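Once you know that position 65 of the sequence shown is 65 in the UniProt record's numbering, the rest is easy, because the numbers rise by one and skip nothing.
Glycine included, each C-beta is placed from N, C-alpha and C at the ideal position.
As the structure is a prediction and not an experimental result, all values here were calculated from the model.
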Amino acid sequence: MLKVTNLNVSYGAIHAIHNVSLEVHQGEIVSLIGANGAGKTTILHTITGLKKATSGEVFLEGTNLLTTDPAKIVTLGMAHVPEGRRIFSQMTVKENLEIGAFIRGDNEQIAQDIEQVYSHFPRLKERYKQAAGTLSGGEQQMLAIGRAMMSKPQIMLMDEPSMGLSPLLVKEIFHIIQELNHNGMTILLVEQNAKMALSIANRAYVLETGNVVMEGNAQDMLADDKVKKAYLGL
């Protein structure tokens, strides 16, 4: 579904991403783990057109994303839940969800899909008239995921969904990610909480200073001594 081949990205003279290759197959959860500053967010930004690649290829279902207008990428069935949530804080919860469906014109179906989001996130329904900026951190993360769902994507890129959340809310968010996947959503998950990310993923890639240094079955990585020592605090 998503294939990244020999991706290189630079910030001026700094070569940030070095020949990274990864694949996400339909129906999978694939986790990209690594320390802060390893380049995980840069890869997502390059996939979604927010950052220009120096070289390499990024294909989504046969379409070259590196030569596609970033504004059109969302129409290809990809949604991005950004680091830090990036919700529209002055707008209501419902208005944020409606903005997530801006590429669509099927108003009746949009209304039904908002109700579907509320079924996943009952707290958003309780607060649908509230300004999004007044929500708790966990509720804002739910809203960011719900907004991404409104574009009806085939694949969702999630960047640090557990950031700043309590352990209880982290478990809730990861349960929601699994639920979305069970309902057919393909997910590329960038996450510093390696243990949680690996526990729900099919496969995973480990990134260090812009290089993929390990890849494979996520459960095998959970049991790998190097991964345990470097990323799981064991």
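Nearest neighbour of residue i, chosen from the options [CA to CA]
{"i": "S31", "options": "L44, G37 and N19", "result": "L44"}
{"i": "M214", "options": "S199, S136 and Y231", "result": "Y231"}
{"i": "I155", "options": "H15, V4, N19 and V24", "result": "V24"}
{"i": "K94", "options": "L124, P161, L165 and V170", "result": "L124"}
{"i": "K226", "options": "A194, Q90 and L189", "result": "A194"}
{"i": "I176", "options": "I200, A101 and D113", "result": "I200"}
{"i": "T46", "options": "M221, N183 and P82", "result": "P82"}
{"i": "residue 240", "options": "A204, K229 and N211", "result": "Look at the range of the chain in this structure, 1 to 234, and you will see that residue 240 is not part of it."}
{"i": "M158", "options": "V190, Y128 and K129", "result": "V190"}
{"i": "A144", "options": "K3, K72 and A101", "result": "A101"}
{"i": "T92", "options": "E108, T42, P122 and Y128", "result": "Y128"}
{"i": "Q219", "options": "L198, A71 and T209", "result": "L198"}
Span separating the alpha-carbon of residue i from that of residue j
{"i": "E172", "j": "I110", "result": "25 Å"}
{"i": "G216", "j": "N202", "result": "9 Å"}
{"i": "L50", "j": "Y118", "result": "29 Å"}
{"i": "E98", "j": "M150", "result": "7 Å"}
{"i": "T54", "j": "V9", "result": "5 Å"}
{"i": "Q90", "j": "A223", "result": "45 Å"}
{"i": "T67", "j": "G84", "result": "27 Å"}
{"i": "I87", "j": "Q140", "result": "7 Å"}
{"i": "M196", "j": "F174", "result": "8 Å"}
{"i": "V74", "j": "S21", "result": "22 Å"}
{"i": "L7", "j": "L60", "result": "14 Å"}
{"i": "A38", "j": "G27", "result": "26 Å"}
{"i": "Q116", "j": "M163", "result": "25 Å"}
{"i": "E57", "j": "E126", "result": "43 Å"}
{"i": "K72", "j": "A13", "result": "29 Å"}
Counterpart residues of residue i in DSSP-defined beta bridges
{"i": "H182", "result": "Note: H182 sits in no beta bridge, so no partner."}
{"i": "R203", "result": "V30 and N217"}
{"i": "T5", "result": "E57"}
{"i": "H15", "result": "S10"}
{"i": "I187", "result": "I29 and M156"}
{"i": "V24", "result": "L2"}
Please go through the stretch 54 to 116 and give each complete beta strand (DSSP E) segment of 3 or more residues, from N-terminal end onward.
For the stretch 54 to 116, whole beta strand (DSSP E) runs of length 3 or above, ordered along the chain, are 55 to 60 and 78 to 81.
Any chance you could list the alpha helix (DSSP H) runs of at least 4 consecutive residues sitting entirely within the stretch 132 to 165, in chain order?
137 to 149
Is it the case that the stretch 156 to 169 contacts the stretch 129 to 144, given that we only count it when at least three CB pairs across the two stretches are under 8 Å?
yes
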